[in-house]
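Participant:
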Amino acid sequence: MKNVCNFRGLIIDPYLRGRIVGEQVDYDPWMVMRFTANPTSTTAGSTSTLTADLRYDNQGNFHDPINGHIPDNTMVTFTTNLGNVGSKSVTVPLVNGIALAILRADEGAGLAWLTARLDSELLTLGMTITPPPPVVNAATTKTISMQETGQPLLPLILAGLMVLGGIILPRRIK
Numbered sequence: 001m002k003n004v005c006n007f008r009g010l011i012i013d014p015y016l017r018g019r020i021v022g023e024q025v026d027y028d029p030w031m032v033m034r035f036t037a038n039p040t041s042t043t044a045g046s047t048s049t050l051t052a053d054l055r056y057d058n059q060g061n062f063h064d065p066i067n068g069h070i071p072d073n074t075m076v077t078f079t080t081n082l083g084n085v086g087s088k089s090v091t092v093p094l095v096n097g098i099a100l101a102i103l104r105a106d107e108g109a110g111l112a113w114l115t116a117r118l119d120s121e122l123l124t125l126g127m128t129i130t131p132p133p134p135v136v137n138a139a140t141t142k143t144i145s146m147q148e149t150g151q152p153l154l155p156l157i158l159a160g161l162m163v164l165g166g167i168i169l170p171r172r173i174k
């Protein structure tokens, strides 16, 4: 009996785990789930795309969904302990062997533990969420004091008063 390219919910040999009964069953290769985040680290306030990919077998070979894939609408659950994926967990369907979720890093900096679960397979990723860059606010900048020009103010003020008072200009007699 040929039973290849099925999802067994685990990465190790399903025969050794008791998932395959009988010696006449050809079960190798079997499909496995890959779990990735892009980007692999992010800053607080940003997002990362989480992907559960079931298009590869246990030997690392890619299987084009055009030739068949794990059925659409098979549900994958994503979870996080920091940020959200809609809430702390979200369940989304596979489409052409891929399920996607968006991690929103909206709870600050730290280490987010992310999981993807399908049947009995649970994959985990750690993602570093760094603090956002500081925001420059013009209202919080320091006041710049007056700079020295080298000209003393007192003689300039006296000259201005003399001009206004007519001391410098002689009066004409008519």
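Just so we're aligned, residue 1 is where the sequence shown starts under the UniProt record's numbering, counting upward by one.
The beta carbon of each residue, even a glycine, is placed where N, CA and C say it ideally should be.
To the nearest angstrom, report how far apart residue 94 and residue 129 are at their CA atoms.
Facilitator: For the purposes of this step, residue 94 is taken as residue 94 along the sequence shown, with counting starting at 1. For the purposes of this step, residue 129 is taken as residue 129 along the sequence shown, with counting starting at 1. So the alpha carbons of these two residues sit roughly 27 Å apart.
Participant: Tell me whether residue 47 is buried or exposed, calling it buried when 16 or more other Cβ atoms sit within 10 Å of its Cβ.
Facilitator: In the sequence shown, residue 47 corresponds to position 47, counting from 1. By the 10 Å Cβ count, residue 47 comes out exposed.
Participant: Do residue 44 and residue 132 come within 8 Å of each other at the CB atom, strictly closer than that value?
Facilitator: Looking up residue 132 in the sequence shown gives position 132. Looking up residue 44 in the sequence shown gives position 44. For residue 132 and residue 44, yes; Cβs fall inside 8 Å.
Participant: Which partner residues of residue 53 appear in the DSSP bridge assignment?
Facilitator: The residue you call residue 53 lines up with position 53 of the sequence shown. DSSP, once it has assigned bridges, lists 34, 98 as partnering residue 53.
Participant: Which complete beta strand (DSSP E) runs does the region 63–136 hold, if anything under 3 residues is left out?
Facilitator: Taking only runs of at least 3 residues, the beta strand (DSSP E) segments lying wholly in the region 63–136 are 75–80, 89–93, 98–104, 110–118, 121–130.
Participant: Where does residue 2 fall in DSSP's three states?
Facilitator: The sequence position of residue 2 within the sequence shown is 2, counting from 1. Model confidence at residue 2 stands at a pLDDT of 42, short of 50, so the residue's coordinates are unreliable; what they give is reported in the following sentence. Three-state result, residue 2: strand.
Participant: Once the 5 residues before and after residue 65 are set aside, which same chain residues still bring their CB inside 6 Å of it?
Facilitator: For this step, residue 65 is matched to residue 65 along the sequence shown. Result list for residue 65: 96, 97, in chain order.
Participant: Return the residue from the list 30, 160, 114 that minimises the CA-CA distance to residue 103.
Facilitator: Position 103 of the sequence shown holds residue 103. It is 114 whose Cα lies nearest to the Cα of residue 103.
Participant: Which two residues bound the contiguous alpha helix (DSSP H) that contains residue 159?
Facilitator: Locating residue 159 in the sequence shown gives position 159, counting from the first residue. Per DSSP, residue 159 belongs to the alpha helix (DSSP H) from 153–165.
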